[in-house]
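Working notes, beginning with the structure itself.
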Amino acid sequence: MDLTLLLQGILSGILASGLYALVSVGLALAIGVIGIVNFAHGEFFMVGAFLAYQLFISFGFDPVLSLFFVAPALFILGALIYRSSIQFVLKAPELNQMLLTFGIGIILQNLALVIWGGDPRSISNVPYRSIGYQVGGVSIGLVPLASFLISIFIVAGLYFVLLKTPLGRAMRAVAQNRTGASLVGLEVNRIYLLAFALSAALAGLGGVMIAVIQSPTPVVGFAFTLKAFAIVVLAGLGNIRGILGASLLVALAESLVATLVPDGDSLRNAVFFAIIFVVLIVRSRRQA
Amino acid sequence: MKKAAILLASLILSISLAQVKIGILSPLTGGAAGTGQAQKAGFELALEEINAAGGVLGEPLEILIEDTQANSDVALAAFEKLMTEDEVEFIGGGFSSGVTLGLIESFKTFQPVVSWIGGAVSGVGIDGFDGIEELVGEEPWFFHVHPWDYQNTAAANAFVASTGVGSVALLHEDSAFGGPGAATSERVIEEQGIDVVLNEAFKSTLTGGTGDFRAAISKAAASNADLLYWIGYDSDVVPMTSQIRELNFTPNYIFGTPPGWPSDYTEAPEAECVAGLIGFLPSLPTPEAKAFADAYEAMHGAAPDNYAAALAYAQLWSYADAINAAGSTDQAAVIEQLESLSFKSPMGEWSFGQSEISPHQGFGSEMWLVFQYQNGVREIVWPEDKATAPLASCN
């Protein structure tokens, strides 16, 4: 095995983990705070990608600049969806909640198809997309590096909010005991709304990054939703703190299999499904 | 008695003047929606022209487009609806080998006339796998418009050989589209005396991949191949070509064969010198190509980016001409007319002939063009007689 190839695989895995964490942390937030499994999470991601594309096409906005527009837009979209639908099923059976979010996902996907069509769209004139810095035979891509750093910064910021601010404490209180939080005067429904909107905004930020890396299509969120679910399961449902480590593990495992095994790239999805299986089996045995 | 005769005559008249309906199966949504929407746009243009020219059998032609979502189960339900509820006798459209394979048994049950655009996996030359041409190619009611995989690879490999390279690295997506295509390509390229130094699968963004192809590209870079030949989908174009640059992989030629290319990609910096296989370009120097491209742009407000539009356009015209020539919707008569039909389509001469197994094969390897992005323009670089510019090296 070529050592350079191995180092490149490790580096690619580490850099990919940032985006994985950003997408997953929003999903974990919705599960952890509200207790709802949001199957439309990938579609928020997709809408973020298309908004970045549209801002580029209509106003020539660089995707980095569009981060500041897409995040508030997705926050508002998430809030609207929460107000118009999610809040009504919070006490419904989990299957109903899942069906609702699945339906929201399909509506968003088809709206995207109507607005932007089914053809892959690319933000064409991104001069830095192909830049790679050669260090000791290994290439460090500017976009993966920036995406990693921005993602880590955002996830760290979210951790800070959750741990050190009154809003974060309120979110954690509501997540631990909805009734108790309500009894001490917290506006549970408002906190749920903020958590859901924030979750959508985080997915939207991930979408902006993917709009640079690949071509948005109405189904671009699907693959990332799968990864996000695997990471959330690995971290423990609703455990936001475990997301960074779980993202690193999944991304590294995928990248190493893709690099070291012949035709390994086609095994990427098998890798994270295998991780889910192992984690679920081990946890079940421990609980038993 | 007289009343009965009048009733019978009215019934016969109403049947003979009934509007001809053609059922279309196309992936209007889902991962292959780009191709499906392109087909739809081509059908709409042809329908408008056909009906403006008098329709079919004196009545306006009707098309019923059903969305397959590029999913076998959805496509099967859509096909059976067209056959049982809508009672169509002719089926058009078509995309995806996986979907086509899932439909074959039902095709054989209902046996309408099927003129099928997509589904290139023939099965010819692949042991232990029954492909579309092997399963349905000999049926008298089945017409296959798009070239088969071996015809695609023959064109692609003829281009590869024409570059004069000594070694090729093959990267292919891992489904029924890329897998068999890569296996055939490896064999044919090596028969031409060119080394295939790598044949590696990757997970396409269309089939659940995240667009991180760095592992596969790193292996190709380590192979030092003269030419990188990748088989994937439209949505793989941007990540594949940008990551090739990012990883500082500099083969002489970068050649891809996705079904289509992102419409805005021409302006992307990483597009420069990337070459690709395509069935139709508006710059094709024929009057039919120009007429189609102009009419398409007038109707849809943009140039036809995906060659599926041109194929769909010509397919509907072929049905209209054949049914009009047959003078009825009688299946045997329409099949006879389709077999002898010949006209100049946007992609070239339209006619059905013999392929490896099927007597009803439309386009062969001659349909394909190779273009290369040069200074923001897609120049045709192969074959020589259609070239608008010479092939440029990436180095």
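First to last, the sequence lines map onto chains A and B.
Just so we're aligned: the first sequence equals residues 1 to 288 in this note's numbering.
Just so we're aligned: the second sequence equals residues 289 to 683 in this note's numbering.
For every residue, glycine included, the Cβ atom is placed at its ideal position computed from N, Cα and C.
Between Gly650(B) and Phe640(B), the gap from beta carbon to beta carbon is short of 8 Å.
Counting along the chain, Phe56(A) sits inside no beta strand (DSSP E); it lies in the alpha helix (DSSP H) bounded by residues 41 to 59. Ile420(B) is positioned such that its CB atom lies closer than 8 Å to that of Leu389(B). Around the CB of Pro166(A), fewer than 16 other CB atoms lie within 10 Å, so the residue is classed as exposed. Distances from the alpha-carbon of Leu391(B) to those of Phe378(B), Val376(B), Glu368(B) put Glu368(B) closest. Bridge pairing for Val344(B): Glu347(B) [DSSP]. Residue-level contact by beta carbon fails for Arg169(A) and chain B, as no gap is shorter than 8 Å.
Positions of the alpha helix (DSSP H) runs, each at least 4 residues long and wholly inside the region 320 to 392 of chain B, are given as 321 to 340, 360 to 372 in order along the chain.
The Cβ-Cβ distance between Gly78(A) and Phe229(A) does not fall below 8 Å.
Taking CB atoms only, Phe367(B) has no neighbour in chain A less than 8 Å away.
In this structure Phe224(A) is not in contact with Gly103(A), their Cβ atoms being roughly 20 Å apart against a cut-off of 8 Å. If you draw a straight line from the Cα of Leu65(A) to the Cα of Leu113(A), it is about 25 Å long. With a 10 Å radius around the Cβ and a threshold of 16 neighbouring Cβ atoms, Thr495(B) comes out buried.
By the rule that beta-carbons nearer than 8 Å mark a contact, Thr259(A) touches chain B. Pairing Ala175(A) with Gly32(A) gives a Cβ-Cβ distance under 8 Å. According to DSSP, Phe537(B) shares a beta bridge with no other residue.
Between Gln54(A) and Ser139(A), the C-beta spacing is not below 8 Å. For His432(B), the enclosing beta strand (DSSP E) covers residues 430 to 432. In this chain, Lys578(B) is not harboured by any beta strand (DSSP E); it is covered by the alpha helix (DSSP H) spanning 575 to 588. Taking C-beta separations shorter than 7 Å and ignoring five residues to either side along the sequence, the partners of Ala509(B) in its chain run Leu535, Phe537, following chain order.
In the DSSP assignment, Ile566(B) falls within the unbroken beta strand (DSSP E) covering 562 to 566. Taking a cut-off of 8 Å on C-beta distances, the region 548 to 564 of chain B does not touch the region 250 to 262 of chain A, as fewer than three cross pairs fall below it. DSSP, read as helix, strand or coil, puts Tyr128(A) in coil. In this chain, the beta strand (DSSP E) harbouring Val402(B) covers 401 to 404. For Gly264(A), the C-beta contacts it makes with chain B under 7 Å involve Ala503, in order along the chain. DSSP places Tyr517(B) in the uninterrupted beta strand (DSSP E) bounded by 515 to 519.
Taking a cut-off of 8 Å on C-beta distances, the region 497 to 507 of chain B does not touch the region 182 to 189 of chain A, as fewer than three cross pairs fall below it. Chain B places no beta carbon closer than 8 Å to that of Gly204(A), leaving this residue out of the contacts. Under the DSSP definition of a beta bridge, Gln660(B) partners with Ala563(B), Glu667(B). Beta-bridge partners of Glu672(B) (DSSP): none assigned. Cβ-Cβ distances below 7 Å link Gly221(A) to Gly42, Glu43, Phe45, Met46 in the same chain, with the five nearest sequence neighbours on each side left out; the list follows chain order. Look at Phe395(B) here: in three-state DSSP terms it is helix. Restricting attention to alpha helix (DSSP H) runs no shorter than 4 residues, the region 147 to 234 of chain A encloses them at 166 to 176, 178 to 183, 188 to 213, ordered along the chain.
Apart from the 5 residues on each side of it in sequence, Glu427(B) has no Cβ closer than 6 Å to any other Cβ in its chain. Proximity of Leu313(B) to chain A, defined by a Cβ-Cβ separation below 8 Å, is not satisfied.
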